[in-house]
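> Anchor point for the sequence shown: position 2 equals 2 in UniProt numbering, and the numbering is continuous, going up by one each time.
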Amino acid sequence: MPDERIGNTTEHHPLYTSGGTVTTDPPLRSSEDIELQSLARLPYSMRRAYAWLGLLTGLSVVSLGLLAGFTISLRQENKQLQQQLASLNAYKAQIDQVNTLETRITTLEAQSAGINQNIGVIRQQVPKDLPTQLKNIQGNIASMQSNLQRVESNTVTRQQMEQRIQQALQTLNNPTTPSVRVIPTTPKPPSVKR
Numbered sequence: 001m002p003d004e005r006i007g008n009t010t011e012h013h014p015l016y017t018s019g020g021t022v023t024t025d026p027p028l029r030s031s032e033d034i035e036l037q038s039l040a041r042l043p044y045s046m047r048r049a050y051a052w053l054g055l056l057t058g059l060s061v062v063s064l065g066l067l068a069g070f071t072i073s074l075r076q077e078n079k080q081l082q083q084q085l086a087s088l089n090a091y092k093a094q095i096d097q098v099n100t101l102e103t104r105i106t107t108l109e110a111q112s113a114g115i116n117q118n119i120g121v122i123r124q125q126v127p128k129d130l131p132t133q134l135k136n137i138q139g140n141i142a143s144m145q146s147n148l149q150r151v152e153s154n155t156v157t158r159q160q161m162e163q164r165i166q167q168a169l170q171t172l173n174n175p176t177t178p179s180v181r182v183i184p185t186t187p188k189p190p191s192v193k194r
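So, in structure tokens, the structure goes:
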């Protein structure tokens with residue numbers, strides 16, 4: 001007895017012609033019907049093996065899809081970690097620059113305190129005709145101290161800072177020369193000839 005799910009293969013279907021006669025022909029079987037019939041004839045264990053094989057194939061495809069997604073996710077996370085690492089390195093470089101500037105400021109403040117002490121000693125030893133020069137020197141030192149206090153907010157190159165200190169020290173070492181007030185200048189950009 002044929003399987004009812006597949007259909008009765010011995011059944012004939014009537015065909016009507018224009019003359020009113022009825023003929024019956026066996027139905028044309030498609031490749032799917034033939035495949036279903038061959039599957040119906042297979043033993044139960046073979047069908048079970050095919051089912052397991054199909055299940056394992058499906059699971060393999062799903063596993064490959066999951067692995068591909070996981071790989072893409074790991075690549076994206078790796079890119080994000082590299083960007084964060086670059087940001088952290090840049091931040092560390094900025095912190096190192098700030099620490100270097102703080103060390104320079106501390107050194108300059110110590111030098112300024114030593115200069116102030118030297119001024120007190122010079123006041124006691126110089127003749128009375130030099131108070132004007134000392135006042136000018138003090139004005140230069142006060143200007144230098146205010147410039148040092150603005151280092152944190154203004155960007156000053158190392159070369160500019162060294163020039164200011166050398167000018168102040170030259171003024172202190174040569175008290176007979178007229179004092180020159182140190183005025184910070186910014187370099188002018190070179191002119192472009194057209």
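Virtual Cβ for every residue (Gly too), placed ideally from N, Cα, C. Please read all numbers here as calculations on a predicted model, not as lab measurements.
(1) Could you check whether Arg-164 and Asn-147 sit closer than 8 Å to each other, using their CB atoms as the reference points?
(2) In this structure, how does DSSP classify Asn-174 when only helix, strand and coil are distinguished?
(3) Does the Cβ of Tyr-91 have 16 or more other Cβ atoms within 10 Å, making it buried, or fewer, making it exposed?
(4) How far does the alpha helix (DSSP H) with Arg-75 in it extend, from its first residue to its last?
(5) Identify which residue in Gln-80, Met-144, Pro-43 and Gln-124 has its Cα closest to the Cα of Ala-110.
(6) Please report the residue range of the alpha helix (DSSP H) in which Ser-30 lies.
(7) Buried or exposed for Ala-49, going by 16 or more other Cβ atoms inside 10 Å?
(8) Look up Arg-158 in the DSSP assignment and say whether it is helix, strand or coil.
(9) Compute the distance between the beta-carbons of Ile-119 and Gln-138, then report whether it is under 8 Å.
(10) Let's test the definition: count the other Cβ atoms within 10 Å of the Cβ of Thr-171 and tell me whether it reaches 16, buried, or not, exposed.
(11) Hey, would you say Leu-134 sits closer than 8 Å to Ile-122, going by beta carbons?
(12) Compute the Euclidean distance between the alpha carbons of Glu-102 and Ala-86, then round it to the nearest angstrom.
With the given structure in hand:
(1) For this step, residue 147 is matched to residue 147 along the sequence shown. For this step, residue 164 is matched to residue 164 along the sequence shown. Contact flag set, yes.
(2) Locating residue 174 in the sequence shown gives position 174, where the first residue counts as 1. Coil at Asn-174, not helix or strand.
(3) The residue labelled residue 91 in the question sits at position 91 within the sequence shown. Exposed, by the Cβ-count rule.
(4) Numbered from 1 along the sequence shown, position 75 holds the residue referred to as residue 75. Unbroken alpha helix (DSSP H) run through Arg-75: 44-125.
(5) Within the sequence shown, numbered from 1, the residue matching residue 110 stands at position 110. Restricting attention to Gln-80, Met-144, Pro-43 and Gln-124, the CA atom closest to the CA of Ala-110 is found in Met-144.
(6) The residue labelled residue 30 in the question sits at position 30 within the sequence shown. Here Ser-30 belongs to no alpha helix (DSSP H), and DSSP marks it neither H nor E.
(7) As a working mapping, residue 49 is identified with position 49 in the sequence shown. With fewer than 16 other Cβ atoms inside 10 Å of its own Cβ, Ala-49 counts as exposed.
(8) In the sequence shown, residue 158 corresponds to position 158, counting from 1. Residue state, collapsed to three classes: helix.
(9) Walking along the sequence shown from the start, residue 119 turns up at place 119. Walking along the sequence shown from the start, residue 138 turns up at place 138. Taking 8 Å as the Cβ cut-off, Ile-119 and Gln-138 qualify as a contacting pair.
(10) On the sequence shown, residue 171 is found 171 positions in, with the first residue counted as 1. Around the beta carbon of Thr-171, a 10 Å sphere encloses 16 or more other beta carbons of the protein chains shown; the residue is thus reported as buried.
(11) Position 134 of the sequence shown holds residue 134. Position 122 of the sequence shown holds residue 122. Between Leu-134 and Ile-122, the CB-CB gap stays under 8 Å.
(12) The residue given as residue 102 occupies position 102 in the sequence shown. The residue given as residue 86 occupies position 86 in the sequence shown. Rounded to the nearest whole angstrom, the C-alpha separation of Glu-102 and Ala-86 is 25 Å.
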